[in-house]
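Taken in sequence, the protein lines are chains A and B.
In terms of our numbering, the first sequence opens at residue 1 and continues consecutively.
In terms of our numbering, the second sequence opens at residue 295 and continues consecutively.
In this text, a Cβ means the ideal position worked out from N, Cα and C, and glycines have one as well.
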Amino acid sequence: MSSTRSMTNVDVAEKRRIASYWKPMWQVPQLTIGTAILVTFILIVLVGPCFVANDPLHIQMSERLQPASWNYPLGTDHLGRCIFTRLAEGAKLTLGVAGIIIIVTIIIGVPLGLLCGYAGGRLDSFIMRVVDGIGALPEIIVAIAVSGFLGPSLTNLLIAIIAVKWIEYVRLVRSIVLIEREKEYIEAARAAGFGTWHMIRRQLLPHIISPVVILASLDIGKIILIISSLSYLGLGAQPPAPEWGAMLNDGRPYFQTIPEMMIYPGLCIMLVVMSCNLIGDGLRQLLNIRHKKI
Amino acid sequence: MLTMIKERLIQLGIVLFLLSLVTFTLMKLAPGDPVFIILKADEVAATTADEEALRKELGLHQPLFIQYTDWLARLVQLDFGTSLINGKPVWQNMIERFPVTLELAAGSLFVMLAISIPLGMLAAKYEGKWLDHVSSILALLGASIPAFWLGLMLIYGFSYRLGWLPTMGTGSAAHLILPSITLGFGLAAIYARLLRAGILEVLAQEYIRTARARGVGEWRIMYKHALRAALIPVMTVFGSSAGSILAGSVIIETLFSWPGLGDMVIDAIFNRDYPVIQAYVMISGCLMVMVNLMIDLCYTWIDPRVRYRKGEMM
């Protein structure tokens, strides 16, 4: 107390500034809650099947539409398959596909954005024309076009989503590069004789990472929603794959008698998407705080 | 203003060109020979001669480039061919289905406005209070709940359990309620937050303080000044929402057996009715660009600052 009083206002402000720069992540509630939900969920998905040793694809008509029991923690579906292990398998499938989509999107989008922003000129305006063209279409419409002509499958859906998603990353990265490019430190680095590779890797990339991570974590939620929606329509994962949206579709005829068949997969989608949204929001707040305080 | 329209029309052209190119390529990549599909749909035993004749008739013996330009020329005249399933011209199918989808879109827009405007205003007025927290939780839910699942849960609750509303189909105003809520809820949650942020920004302005000093009532300030000013930035986001309504309509229409365009295209996919699919993709692409153009125009028209800024640049 006494030591604080003896400090000048400037010192206190300085101290606060440093403290809030290192504001730990648990002080951003969204980030904490989101991470907690996601980690719990992943733990259940990974550990659960060790205790419930059912084959998610094994059809057993004698066991169909069973209520929850020790053998089947969430009961069985219309083909006698364990709903719990199917949900766990579905989590791996959905998160895996969403992960692949995000990684490929970033691999395509970030370098293109860097190129557009840094090189500028005719190449930039050509790529941006294409970007604006594709960007005018919602993902689902493109997914309909691809699965409509090439036939419904999870791979086609994956291609369709990537075909639209990379746009956002090009736009984001390009806009950051355009702002950073004008700043003095870039000029200084250029004057110091550093080459293009160094400029992109050491000077520009650090500014791009956090916004891209934030966008990606929000996008994973959106991608999961698209995958499950289209799988529900029958345009994504095909039976017997235990995709959540497809499981909801399976449950539709038994809706009135056993609503659980639809409630559980829906809850899974909601929880995972929600945790991705919370993490994305939380990361954005964390970044905003740091930006403001520095 | 004119320069902007010209610029946007060029963009429209580019988008449609890209779209047509992609659609054509996908069509060519599609598994199955269209000749066989048509012959199979007619259910007659086809000879090789019939096959050749049809191939000639469809122009499939020509090089791809010529096929593409022919196809494009027909598209420009709105000739999308006939549906392989019901034999009617695709354009006529689209015209019949379009008002049904529009009805759903109008319903969901109504739900969106009816929820988001009051909620956004209240959340801004009681910033940091429980109502504000409720609105942010709603926004999170709106972004996280899959629309089709929300729809199913609403059907379960209001149709099966309570028996208040019809489960699916069209016919009466009651049929419109559940699909509109399902489609509108997600948007309402987002817009309530956008409005809240917009209103808070406006309320911090000098002229609001002046109005308060003049003794203008709090609600009048909210309604007359803050809401109006806050609606302008919110409008720009609306372009992307038109996309999510269009995309959402595909899911919601299938879910509620709502006989609109989305329901049509899903049927077409499962029946491999390629002319219908390509027409849907082309038309919805067109629609999206038009909506965005219209929003930009409205925006310029409402907010004179944009016009002046553009004027200076010219």
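- With contacts defined as CB atoms closer than 8 angstroms, LEU403/B and GLY478/B qualify as a contacting pair.
- Counting only the Cα atoms, TRP365/B lies some 9 angstroms from ASP373/B.
- In this structure TRP166/A touches GLY109/A by the C-beta definition: roughly 4 angstroms separates them, less than 8 angstroms.
- Contacts with chain A at 8 angstroms (Cβ-Cβ) include TYR450/B.
- By alpha-carbon distance to ALA36/A, the top candidate from GLY280/A, ALA143/A, SER275/A, ASP281/A is SER275/A.
- Secondary structure at PRO383/B: strand, using DSSP grouped into helix, strand and coil.
- Residue range 139-150 is occupied by the alpha helix (DSSP H) that includes SER147/A.
- Residue environment analysis places ASN249/A among the buried positions, since at least 16 neighbouring C-beta atoms fall within 10 angstroms of its C-beta.
- Annotated as proximal: PHE41/A and LEU271/A, with beta-carbon spacing under 8 angstroms.
- Counting only runs of 4+ residues, the alpha helix (DSSP H) found wholly inside the region 120-201 of chain A occupies 121-135, 139-150, 154-181, 184-191, in chain order.
- Between the C-alpha atoms of VAL528/B and ILE484/B there is a straight-line separation of about 10 angstroms.
- Taking C-beta atoms under 8 angstroms as the contact rule, GLY245/A and SER229/A qualify, at a distance of about 6 angstroms.
- Bounds of the alpha helix (DSSP H) holding GLN361/B are 358-370.
- Contacts with chain A at 8 angstroms (Cβ-Cβ) do not include VAL405/B.
- Interface flag for LEU137/A against chain B is set, since a Cβ pair is found closer than 8 angstroms.
- Ranked by Cα distance from PRO73/A, the options LEU79/A, ALA53/A, LEU57/A, LYS92/A are led by ALA53/A.
- Contacts with chain B (Cβ-Cβ distance below 7 angstroms) from the region 237-263 of chain A involve LEU248, PHE255, GLN256, PRO259, MET262, listed in chain order.
- Of the other Cβ atoms in all chains shown, 16 or more fall within 10 Å of the Cβ of TYR118/A; this residue is therefore buried.
- Between ASN586/B and chain A, the shortest Cβ-Cβ separation is below 8 angstroms.
- Using beta-carbon distances, SER578/B counts as an interface residue toward chain A, with a partner under 8 angstroms.
- Cβ-Cβ distances below 6 angstroms link ALA536/B to VAL585 in the same chain, with the five nearest sequence neighbours on each side left out; the list follows chain order.
- Distances from the CA of PHE255/A to each of ARG455/B, LEU459/B, LYS350/B, GLU421/B were compared; the closest alpha carbon is that of ARG455/B.
- Looking from the CA of TRP443/B, the closest CA among PRO29/A, LEU278/A, PRO265/A, ILE102/A belongs to PRO265/A.
- For ALA541/B, the nearest CB of chain A lies under 8 angstroms from its own CB, placing it at the interface with that chain.
- Judged by beta-carbon spacing, VAL544/B lies within the 8 angstroms limit of GLY556/B, meaning their Cβ atoms are closer than that value.
- With contacts defined by Cβ atoms closer than 8 angstroms, ALA136/A and VAL583/B form a contacting pair.
- In the three-state reduction of the DSSP assignment, THR395/B falls in the helix class, which pools H, G and I.
- Under the 8 angstroms criterion on CB atoms, ALA188/A is classed as non-interfacial with respect to chain B.
- At the C-beta level, ARG174/A and CYS116/A come within 8 angstroms of one another.
- Taken through DSSP and simplified to helix, strand or coil, THR476/B comes out as helix.
- Close to LEU87/A, with beta-carbon spacing below 9 angstroms, lies no residue of chain B; the smallest spacing is near 14 angstroms.
- Within chain B, LEU312 have C-beta atoms less than 8 angstroms from the C-beta of ILE134/A, given in sequence order.
- When 7 angstroms is used as the limit between beta carbons, TYR232/A is near these residues of chain B: PHE442, in chain order.
- A Cβ-Cβ distance of about 6 angstroms is found for the pair TYR169/A and ILE106/A, placing them in contact under the 8 angstroms criterion.
- In the DSSP assignment, VAL316/B falls within the unbroken alpha helix (DSSP H) covering 296-323.
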